[in-house]
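*Asks:* In our numbering, the protein residues as written are 334 to 474.
Where is the CB? At the ideal position from N, CA and C, for every residue including glycine.
Sharing a structure, written as structure tokens. Questions coming.
Pasting the structure below:
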């Protein structure tokens with residue numbers, strides 16, 4: 334008999350992330366998302382917030398960002414030099430107060446991007462400083 338036990342934890346933003354990945358048919362990508370953000374960007378989770386983001390080049394197509402083709406040394410993107418020039422924080426998943434990202438972001442870049450899940454999967458690219466001013470400066474003491 335094993336002494337292992339399973340503890341039921343209350344739901345939270347990280348569980349929301351896992352459900353999001355499962356509901357969108359991306360469960361097989363969950364570990365890749367976590368690993369890529371932990372190694373190359375920002376991975377944070379608390380009872381109030383979950384954030385996965387990484388620096389990218391805004392010229393890289395959204396489909397290639399989703400597949401991490403910009404990190405694959407054997408992919409054609411690697412030979413273009415685009416993977417060396419990061420100008421955008423690409424937020425893969427965020428749950429909680431949007432201003433929290435700016436507390437965690439290790440450095441500013443020119444842009445910030447994300448996909449919306451309101452029936453339109455188009456990649457949105459915004460000016461980093463404008464978004465920071467809109468969300469973060471209002472909540473800062």
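What residues match up with residue 426 in a beta bridge as DSSP calls it?
*Replies:* Numbered from its first residue, the chain shown carries residue 426 at position 93. In DSSP, residue 426 forms a bridge with 385.
*Asks:* Kindly indicate the opening and closing residues of the alpha helix (DSSP H) around residue 364.
*Replies:* By one-based count along the chain shown, residue 364 stands at place 31. Unbroken alpha helix (DSSP H) run through residue 364: 363 to 373.
*Asks:* Could you compute how far the alpha carbon of residue 466 sits from the alpha carbon of residue 459?
*Replies:* Reading the chain shown from its first residue, position 133 is the one you call residue 466. Reading the chain shown from its first residue, position 126 is the one you call residue 459. Distance between the alpha carbons of residue 466 and residue 459 is about 12 Å.
*Asks:* Secondary structure at residue 481, three-state DSSP: helix, strand or coil?
*Replies:* Any property of residue 481 remains undetermined from this structure, which presents the chain solely from 334 to 474.
*Asks:* The beta strand (DSSP E) that contains residue 457, what's its start and end?
*Replies:* Within the chain shown, the letter at position 124 stands for residue 457. From DSSP, the beta strand (DSSP E) with residue 457 extends over 456 to 460.
*Asks:* Starting from residue 408, follow the beta strand (DSSP E) in both directions and report where the run begins and ends.
*Replies:* On the chain shown, residue 408 is found 75 positions in, with the first residue counted as 1. No beta strand (DSSP E) contains residue 408, which DSSP labels as neither H nor E.
*Asks:* From the DSSP output, in three-state form, read off residue 445 for me.
*Replies:* Numbered from its first residue, the chain shown carries residue 445 at position 112. Note: residue 445 maps to strand in three-state DSSP.
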